[in-house]
Each structure stands twice: as C-alpha cells, then as structure tokens.
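Last residue of the sequence shown: 173 (the working numbering), numbering continuous.
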Amino acid sequence: MNQSFSLGDLYIDYDKRIVTVVGKAVHLTPIEYRIIVLLSLNAGTVLTHEFLCRELWGPYAGKSKALRVNVANLRRKIEKNTADPQYILTEMGVGYRMLEEI
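Below is the structure:
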C-alpha cells in the first residue's frame, strides 16, 4: 500500500493515520478517516454508495443517509468551499470519487 496520498493541499499519511490540509492536522472521526482512505486508495474511480456502505458498516443495511452525513462532515473539514469541492466529488445517484493524485 502507498504510505501517503497527496492532492493539492490535502495530504494523508496512512502509516501515521494523519490527514492534513495546508499543513494543518485535521481531526477526523474513525468513519470519516475510513471514507477518506477508501476514496484516496481508489482515486479517480467512482465508489458506489452501496460499496462504501458495505465497506464501512458491513452488509448494506440502508446506511446511505449516514454515508451522506459523514461525507458532508468530512468535506466541511477538508474542503475550502463545500459547494465547489476540490477533493471529493459526488457522482449523482452513483457515489463518490476522489480526484487523482497529482
């Protein structure tokens, strides 16, 4: 596994479990951290709501609202403008995609 991921001002150190934006550490909940890791390890690929829910909470049990809430909270912590996200993009009706590493 890559030991880190970098995209613009976003940096993820997988070994240390640290996420920084513009060099400042961002406190994430365990679920938010798992979301950002799943998306970054699959950067450029759309991960469906069903896949993410299954990975986060086990067999899909209608947790899509919880997923949306957690992604919204994560965006508030890492994005400069949540209305125009630069890292985590929504693929309407499908899922979420992290832009690819630069």
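The C-beta atom is built at its ideal place from N, Cα and C for all residues, glycine as well. If you're wondering where the values come from, they're calculated on a predicted model, not measured in any experiment.
Under three-state DSSP, which class holds residue i?
i, result
"L99", "coil"
"L110", "helix"
"V142", "helix"
"R168", "strand"
Using only the alpha-carbon positions, how far apart do residue i and residue j sit?
i, j, result
"Y104", "G164", "23 Å"
"H120", "A143", "14 Å"
"A96", "G129", "29 Å"
"D86", "A154", "31 Å"
"T161", "E171", "14 Å"
Measure from the alpha carbon of residue i to the alpha carbon of each residue in the options, then state which is nearest.
i, options, result
"K134", "D80, G166, S111 and T91", "G166"
"K148", "Y85, L127, V90 and S77", "V90"
"I83", "L127, E171, S111 and L123", "S111"
Using 10 angstroms around the beta-carbon of residue i, count the other beta-carbons present and answer buried if the total reaches 16, otherwise exposed.
i, result
"S75", "exposed"
"L54", "The structure shown does not extend to residue 54, since the chain spans only 72 to 173, so no value can be given for it."
"V140", "exposed"
At which residues does the alpha helix (DSSP H) containing residue i begin and terminate?
i, result
"E121", "H120 to W128"
Using a Cβ-Cβ distance cut-off of 7 Å, determine whether residue i contacts chain B.
i, result
"G164", "Although the question refers to chain B, the structure presented lacks it and comprises just one protein chain."
Note the first and the last residue of the continuous beta strand (DSSP E) segment covering residue i.
i, result
"D84", "L81 to D84"
"T153", "No beta strand (DSSP E) contains T153, which DSSP labels as neither H nor E."
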